[in-house]
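Contents: one structure, followed by commentary.
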Ligand code: 13P
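Numbering (my numbering), first residue to last: 1 to 251.
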């Protein structure tokens with residue numbers, strides 16, 4: 001089965017100014033390889049509009065890093081999915097740093113996912129086990145539990161599931177310089193797809209990305225891994241040339 005390939009740069013809380021975010025976006029456009037791998041950047045919310053302007057008309061798409069689970073109202077600091085029209089084509093949902101820092105559980109992640117998809121956004125849903133769960137051999141059960149709970153609002157809605165991509169991001173591999181192995185990522189991707197099928201969603205047709213210490217030097221491990229269709233890149237996405245090289249590896 002050939003699935004669409006996608007590489008997303010999650011800039012997290014970087015770079016330090018809007019001007020630098022715009023400069024990085026322009027550099028990403030310059031370093032973008034030709035080919036049919038979809039590529040996107042996810043800047044901090046404050047830089048979204050300016051970055052969207054900087055990449056308009058190029059092959060670089062803009063995602064946001066998170067959305068609110070409600071559509072409007074008294075939610076100080078919140079950004080509703082529907083507010084992103086014309087600015088972002090997609091959003092990351094359920095990143096482990098948001099789960100950790102902002103208290104997102106699977107119920108809230110599921111609500112965010114449903115809001116984003118209803119607003120017409122593409123979604124990169126992040127799942128992945130902690131170091132302790134990894135050491136206890138619980139990767140597949142954790143990932144299955146997260147996926148089942150997070151996609152619950154889409155149940156059997158195969159049309160809406162076309163907007164869904166899942167990123168397998170083991171928490172112990174994020175920002176540590178210790179990526180998972182291809183075999184580990186492949187096993188997780190297999191469990192993700194099995195869980196989607198159980199929910200009445202197209203497992204085989206849903207792209208699965210790997211995230212966690214992906215670099216240009218190490219990307220081949222994942223670009224050649226069975227069942228892995230792209231990457232969600234943190235640190236290395238802040239260097240335009242390196243990000244371009246990571247995208248090229250999936251072409
Ligand atoms: P690093 O690539 O910096 O490990 O971050 C991965 C990540 O969390 C992307 O969402």
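A virtual CB, placed ideally from N, CA and C, is assigned to each residue, including glycine.
Limits of the alpha helix (DSSP H) - the one that residue i falls within
i	result
residue 195	182 to 198
residue 28	18 to 31
residue 48	48 to 55
residue 107	106 to 118
residue 246	240 to 249
residue 221	220 to 223
From the options, residue whose alpha carbon lies closest to that of residue i
i	options	result
residue 203	132, 61, 148 and 34	148
residue 112	81, 211, 194 and 24	81
residue 170	75, 250, 24 and 143	143
residue 28	40, 19 and 18	40
residue 137	7, 158, 26 and 184	184
residue 20	35, 48, 7 and 102	48
residue 1	110, 206, 103 and 56	206
residue 180	163, 110 and 210	210
residue 243	5, 33, 23 and 4	33
residue 107	153, 231 and 187	153
residue 121	61, 105 and 77	61
residue 79	90, 73 and 67	67
residue 55	30, 76 and 182	30
residue 95	167, 89 and 192	167
residue 227	198, 165, 178 and 245	165
residue 119	192, 241 and 71	71
residue 188	114, 35, 37 and 126	126
residue 182	130, 193, 162 and 221	221
residue 18	50, 10 and 38	50
residue 163	8, 246 and 89	89
Straight-line gap, residue i to residue j (C-alpha atoms, nearest Å)
i	j	result
residue 100	residue 133	15 Å
residue 160	residue 124	13 Å
residue 85	residue 236	28 Å
residue 251	residue 234	20 Å
residue 256	residue 248	As shown, the chain starts at 1 and ends at 251. That puts residue 256 outside it, with no answer to give.
residue 4	residue 229	7 Å
residue 103	residue 109	10 Å
residue 141	residue 57	42 Å
residue 117	residue 224	30 Å
residue 208	residue 24	26 Å
residue 52	residue 83	14 Å
residue 156	residue 200	4 Å
residue 74	residue 145	31 Å
residue 128	residue 26	31 Å
residue 198	residue 87	34 Å
residue 6	residue 36	9 Å
residue 64	residue 135	32 Å
residue 218	residue 231	12 Å
Extent of the continuous beta strand (DSSP E) to which residue i belongs
i	result
residue 42	38 to 42
residue 59	Counting along the chain, residue 59 falls outside any beta strand (DSSP E), and DSSP gives it neither H nor E.
residue 166	164 to 168
residue 7	6 to 10
Where residue i sits in the DSSP three-state scheme
i	result
residue 79	coil
residue 92	strand
residue 102	helix
residue 145	helix
residue 208	strand
residue 125	strand
residue 232	strand
residue 139	helix
Stretch-stretch touch, CB-based, cutoff 8 Å, three pairs: the region 44 to 51 with the region 6 to 25: yes
Cβ contact (3+ pairs, closer than 8 Å) linking the region 209 to 229 and the region 162 to 178: yes
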